[in-house]
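K.L.:
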Amino acid sequence: MATIFETEYNWEPYLKYGTRQFVKRKTVIYNQGSIGDGFYYLHKGLVRIVTSTVKGRKRILNIVVPGQILGIQSLDQYAHFTTAVTVKDCVLYYFPRDQFKDLIMIYPDLRNLFAQTIIHKMRILLEGIKLNTLSSEQQIAILLLNIYDDFKNYKVPLSQQDLANCTGLTRITVYKILKQWREDKIIQIQNRRFIIKRPELLKRLVKEPSHSLSKNV
Numbered sequence: 189m190a191t192i193f194e195t196e197y198n199w200e201p202y203l204k205y206g207t208r209q210f211v212k213r214k215t216v217i218y219n220q221g222s223i224g225d226g227f228y229y230l231h232k233g234l235v236r237i238v239t240s241t242v243k244g245r246k247r248i249l250n251i252v253v254p255g256q257i258l259g260i261q262s263l264d265q266y267a268h269f270t271t272a273v274t275v276k277d278c279v280l281y282y283f284p285r286d287q288f289k290d291l292i293m294i295y296p297d298l299r300n301l302f303a304q305t306i307i308h309k310m311r312i313l314l315e316g317i318k319l320n321t322l323s324s325e326q327q328i329a330i331l332l333l334n335i336y337d338d339f340k341n342y343k344v345p346l347s348q349q350d351l352a353n354c355t356g357l358t359r360i361t362v363y364k365i366l367k368q369w370r371e372d373k374i375i376q377i378q379n380r381r382f383i384i385k386r387p388e389l390l391k392r393l394v395k396e397p398s399h400s401l402s403k404n405v
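Position in the sequence shown (from 1) plus 188 gives the number in the numbering used here.
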């Protein structure tokens with residue numbers, strides 16, 4: 189299962205080098221196939237990373253959360269292999285390619301961080317090819333587990349609408365799945381946030397396509 193890259197680097201001292209941008213929800217930050225001239229750091233909000241299949245269908249690859257970067261392939265002037273769309277209103281910092289070159293001259297350890305990030309994002313892209321075979325339950329399970337992995341907390345800061353927006357599933361489908369999971373005590377909902385009570389069952393669901401959560405509680 190592809191997981192979101194966990195960056196432990198503190199970006200706060202370097203935000204002054206970037207351009208602060210406020211972006212409304214459902215806004216495309218960059219499109220698959222376009223060539224950018226810099227990368228973004230997400231300060232607030234959520235960003236969905238998707239790819240288009242040969243048939244034109246959108247498939248989610250991962251979710252960018254605050255403290256992470258996106259669009260880094262443009263540093264080598266390669267075309268974006270994904271599309272980035274805001275799930276919520278976001279605050280981003282944009283770092284132009286030439287400015288980043290100056291930044292790593294001052295802070296050379298950033299180069300290693302970017303190398304690791306690029307490798308991991310390529311793995312996510314390859315893993316995303318399998319998403320078209322996943323059930324609705326598996327898509328939601330992967331999303332919840334990925335967010336959990338990043339926040340290191342079983343409290344997932346997403347609403348039902350966020351899950352629907354991120355996965356591309358209908359809100360009714362998301363509601364039915366979460367309702368069943370709540371009845372089975374797999375998750376708990378408090379203040380419009382999800383608390384994962386039995387993560388081992390979600391992990392088993394992702395690994396075993398034929399696994400049914402309701403039969404194993």
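Each residue gets a CB set at the ideal place from its N, CA and C atoms; glycine is no exception.
Straight-line CA distance for residue 227 to residue 207?
P.N.:
Numbered from its first residue, the sequence shown carries residue 227 at position 39. Numbered from its first residue, the sequence shown carries residue 207 at position 19. So the two alpha carbons sit approximately 11 Å from each other.
K.L.:
Check residue 202 in the structure and name its three-state DSSP category.
P.N.:
Position 14 of the sequence shown, counted from the start, is the residue given in the question as residue 202. In this structure, residue 202 counts as helix in the three-state DSSP scheme.
K.L.:
On the DSSP letters alone, give me the boundaries of the alpha helix (DSSP H) that residue 368 sits inside.
P.N.:
As a position in the sequence shown, residue 368 is number 180, starting the count at 1. Its alpha helix (DSSP H) spans residues 359–371.
K.L.:
Considering only the alpha carbon of each residue, which of 353, 391, 382 lies closest to residue 366?
P.N.:
Position 178 of the sequence shown, counted from the first residue, corresponds to residue 366. Taking only the C-alpha atoms, the option nearest residue 366 is 382.
K.L.:
Residue range of the alpha helix (DSSP H) that residue 275 falls in?
P.N.:
Taking the sequence shown and counting its residues from 1, the one referred to as residue 275 is at position 87. Neither: residue 275 is in no alpha helix (DSSP H) and is coded neither H nor E.
K.L.:
Please go through the same chain and pick out, in chain order, the residues whose beta-carbon is closer than 7 Å to the beta-carbon of residue 360, but skip the five residues on each side of it.
P.N.:
For this step, residue 360 is matched to residue 172 along the sequence shown. Contacts found: none.
K.L.:
If you drop the 5 nearest sequence neighbours on each side, which residues of the same chain put their C-beta closer than 6 Å to that of residue 171?
P.N.:
The shown model of the chain, from 189 to 405, leaves out residue 171, and the question about it has no answer.
K.L.:
Could you work out which residue in 275, 252, 262 is closest to residue 348 when comparing CA atoms only?
P.N.:
For the purposes of this step, residue 348 is taken as the residue at position 160 of the sequence shown. When each option's Cα is compared against that of residue 348, the closest is 275.
K.L.:
Compute the Euclidean distance between the alpha carbons of residue 235 and residue 267, then round it to the nearest angstrom.
P.N.:
For the purposes of this step, residue 235 is identified with residue 47 of the sequence shown, where counting begins at 1. For the purposes of this step, residue 267 is identified with residue 79 of the sequence shown, where counting begins at 1. Their backbone Cα atoms lie some 19 Å apart in a straight line.
K.L.:
Answer with buried or exposed for residue 271, where buried requires no fewer than 16 other C-beta atoms within 10 angstroms of its C-beta.
P.N.:
In the sequence shown, residue 271 corresponds to position 83, counting from 1. Flag for residue 271 reads buried.
K.L.:
Helix, strand or coil for residue 253, going by three-state DSSP, please let me know.
P.N.:
On the sequence shown, position 65 is the one that residue 253 refers to. Three-state DSSP puts residue 253 in coil, outside helix and strand.
K.L.:
Three-state secondary structure (DSSP) at residue 228?
P.N.:
If you number the sequence shown from 1, residue 228 lands on position 40. Looking at residue 228 - three-state DSSP - the assignment turns out to be strand.
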